[in-house]
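Number of protein chains: 2
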Amino acid sequence: MGKRILKHAILGLLSKKDMSGYDITGEFKEEIGQFWSAKHSQIYIELKKLLSENLISQYIEMSGEKLERKMHRLTSEGKKELEQWLVVPDETIETEKDVFILKLYFIKHIPKDKVEALFRNQFNIRSAKLAYLREQYQQIFGEQHPLEIDADQLGHYFVLTKAISREESYVKWLEQSLEIIKKREY
Amino acid sequence: MGKRILKHAILGLLSKKDMSGYDITGEFKEEIGQFWSAKHSQIYIELKKLLSENLISQYIEMSGEKLERKMHRLTSEGKKELEQWLVVPDETIETEKDVFILKLYFIKHIPKDKVEALFRNQFNIRSAKLAYLREQYQQIFGEQHPLEIDADQLGHYFVLTKAISREESYVKWLEQSLEIIKKREY
DNA sequence: CACGTCATGTAAGTTGTTACATGATTTG
DNA sequence: CAAATCATGTAACAACTTACATGACGTG
Chain A
97 MGKRILKHAI LGLLSKKDMS GYDITGEFKE EIGQFWSAKH SQIYIELKKL
147 LSENLISQYI EMSGEKLERK MHRLTSEGKK ELEQWLVVPD ETIETEKDVF
197 ILKLYFIKHI PKDKVEALFR NQFNIRSAKL AYLREQYQQI FGEQHPLEID
247 ADQLGHYFVL TKAISREESY VKWLEQSLEI IKKREY
Chain B
97 MGKRILKHAI LGLLSKKDMS GYDITGEFKE EIGQFWSAKH SQIYIELKKL
147 LSENLISQYI EMSGEKLERK MHRLTSEGKK ELEQWLVVPD ETIETEKDVF
197 ILKLYFIKHI PKDKVEALFR NQFNIRSAKL AYLREQYQQI FGEQHPLEID
247 ADQLGHYFVL TKAISREESY VKWLEQSLEI IKKREY
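Those sequence lines, one after another, are chains A and B.
Start counting the first sequence at 97; every next residue gets the next number (the working numbering).
Start counting the second sequence at 97; every next residue gets the next number (the working numbering).
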């Protein structure tokens with residue numbers, strides 16, 4: 097048996113408001129997508145499973161004349177399942193896979209100028225991500241003190257600050273490491 | 097077509113020295129396992145594929161009287177394939193999945209005392225990991241200056257420092273966030 | 001009216017996990 | 001001699017990706 101994380105991620109998203117498969121797909125392109133995501137093809141299949149497990153119910157909302165939005169709502173069973181899952185501490189943490197670092201492990205086989213190009217590429221991607229996350233933070237929380245943040249927004253606050261912290265640390269490490277590369281003869 | 101990352105990870109590991117499937121499994125339990133890993137069941141299958149693609153060759157080494165170690169060695173084709181893969185910059189970065197943060201996003205549905213327990217659990221796991229990584233660093237590099245590290249060890253150096261940096265940042269964020277949780281009434 | 005987005009789904013293939021299966025070697 | 005580790009493999013299942021497939025709606 098797998099850990100059924102997508103199942104619970106969807107239940108969690110539906111706990112905020114009713115959503116269509118399309119809406120859920122969109123959520124995974126926002127901040128929470130920094131920590132979990134799935135493609136629409138997987139989401140539609142999972143929604144069917146959740147329906148058959150009676151954890152969610154479905155109703156149709158019309159978007160215009162003919163375009164159907166299949167909306168999904170947590171059942172009380174679904175809410176219970178979510179609440180139970182949330183409080184279980186995870187004993188193991190999965191490998192946070194990172195192909196760039198994997199490649200660096202084999203740096204011996206990369207020509208020096210190519211190493212610098214790889215670093216610059218990562219630096220650009222990570223910096224852009226960091227800038228985007230900081231902008232999001234500004235827009236949502238501005239200069240608000242964490243103790244004054246609305247309870248409804250607290251989850252969002254933690255996800256954003258964690259993502260920002262992760263990228264800040266990544267960029268810093270990239271800068272330091274590139275300095276070392278540049279100074280070394282190898 | 098997938099990105100065949102395990103394929104290239106194995107080619108990379110074999111570029112250092114000949115290894116058995118068991119050895120490779122072991123490597124993924126060491127530092128590089130912080131950034132990529134696979135189970136033995138997947139590794140044996142991948143080795144077969146690499147053999148059929150002529151990227152590696154196989155020979156038998158005896159370990160005792162009857163116990164066979166099937167050793168694998170990069171072919172020149174395999175080395176070429178590795179070197180080509182290493183220099184291609186990755187334009188997209190995959191989601192670094194983290195179930196703890198996913199759960200936190202739904203903090204609204206977690207009782208306050210359980211939140212603290214979840215945080216403490218993560219703190220313990222991450223701190224232990226950090227301590228282990230720092231110990232590894234000390235053992236391998238001691239007080240050595242990064243500019244004096246042997247070229248053969250440079251990949252190892254970057255992987256270790258990145259892992260340490262990641263966990264330091266994680267632990268720091270956990271501490272700050274737990275403080276906020278404790279101070280808030282919610 | 002073309003293009004981008006909204007909206008849902010299936011099919012085929014790849015990757016990854018857990019469990020099943022077996023036997024040898026080493027160490028206390 | 002028991003338990004841990006060494007060593008290799010297969011089977012079944014679960015998770016994930018890419019491509020295929022279709023059609024509606026809104027805006028310039």
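The beta-carbon is built from N, C-alpha and C at its ideal position, and this holds for glycine as well.
Inter-residue spacing [alpha-carbon to alpha-carbon] between residue i and residue j
{"i": "B/Tyr233", "j": "B/Thr257", "result": "8 angstroms"}
{"i": "B/Lys225", "j": "A/Ile189", "result": "10 angstroms"}
{"i": "B/Glu173", "j": "B/Ile152", "result": "8 angstroms"}
{"i": "A/Arg230", "j": "A/Phe237", "result": "10 angstroms"}
{"i": "A/Ser159", "j": "B/Ile277", "result": "41 angstroms"}
{"i": "A/Asp194", "j": "B/Glu192", "result": "8 angstroms"}
{"i": "B/Phe124", "j": "A/Ile141", "result": "32 angstroms"}
{"i": "B/Arg222", "j": "B/Val267", "result": "6 angstroms"}
{"i": "A/Arg169", "j": "A/Trp181", "result": "18 angstroms"}
{"i": "B/Glu239", "j": "A/Asn150", "result": "59 angstroms"}
Residue i: first and last residue of the uninterrupted beta strand (DSSP E) it sits in
{"i": "A/Gln272", "result": "Taken as a continuous stretch (DSSP letters only), A/Gln272 belongs to no beta strand (DSSP E), being part of the alpha helix (DSSP H) at 250-279."}
{"i": "B/Gln48", "result": "In the structure displayed, chain B extends from 97 to 282; residue 48 of chain B sits before or after that span and is not available."}
{"i": "B/His168", "result": "163-170"}
Under 7 angstroms by beta carbon: chain B residues contacting residue i
{"i": "A/Phe219", "result": "Ordered by position in chain B, no residue passes the 7 angstroms Cβ test against A/Phe219, which lies about 11 angstroms from the chain."}
{"i": "A/Glu179", "result": "His205"}
{"i": "A/Ala213", "result": "Pro185"}
Residues of its chain near residue i, where Cβ-Cβ distance is below 6 angstroms and the 5 sequence neighbours each way are ignored
{"i": "B/Phe219", "result": "Leu270"}
{"i": "A/Ala259", "result": "Gln130, Leu229"}
{"i": "B/Ala105", "result": "Trp132"}
{"i": "B/Lys204", "result": "none"}
{"i": "B/Gln249", "result": "none"}
Where the alpha helix (DSSP H) containing residue i begins and where it ends
{"i": "B/Arg216", "result": "208-237"}
{"i": "B/Ala105", "result": "101-112"}
{"i": "B/Leu243", "result": "Segment: none, B/Leu243 is in no alpha helix (DSSP H) and carries neither H nor E."}
{"i": "A/Glu142", "result": "136-148"}
Simplified DSSP state of residue i, which is helix, strand or coil
{"i": "A/Glu127", "result": "helix"}
{"i": "A/Lys204", "result": "helix"}
7 angstroms Cβ cut-off: residues of chain A touching residue i
{"i": "B/Ser261", "result": "Ser265, Trp269"}
{"i": "B/Lys278", "result": "Ordered by position in chain A, no residue passes the 7 angstroms Cβ test against B/Lys278, which lies about 11 angstroms from the chain."}
Chain-ordered neighbours of residue i on chain B, where CB pairs are closer than 9 angstroms
{"i": "A/Lys193", "result": "Ile101, Phe131, Trp132, Ser133, Glu190, Glu192, Lys193"}
{"i": "A/Ser159", "result": "Ordered by position in chain B, no residue passes the 9 angstroms Cβ test against A/Ser159, which lies about 27 angstroms from the chain."}
8 angstroms Cβ cut-off: residues of chain B touching residue i
{"i": "A/Asp114", "result": "Near A/Asp114 there are no residues of chain B at all, since even the closest Cβ is about 16 angstroms away, more than 8 angstroms."}
{"i": "A/Leu243", "result": "Ile276, Lys279, Arg280"}
7 angstroms Cβ shell around residue i - same chain, five flanking residues per side excluded
{"i": "B/Tyr253", "result": "Phe237, Pro242, Ile245"}
{"i": "B/Val211", "result": "Ile203, Ile277"}
Cross-chain neighbours of residue i in chain A, by beta carbon under 9 angstroms
{"i": "B/Ile128", "result": "Ile197, Leu198, Tyr201"}
{"i": "B/Gly108", "result": "Leu198, Lys199, Tyr201, Phe202, His205"}
Beta-carbon neighbours of residue i, restricted to chain A and to distances below 8 angstroms
{"i": "B/Gly251", "result": "Leu200, Tyr201, Phe202, Ile203, Lys204"}
{"i": "B/Ser148", "result": "Those do not exist, as B/Ser148 stays about 23 angstroms from chain A at its closest Cβ, beyond 8 angstroms."}
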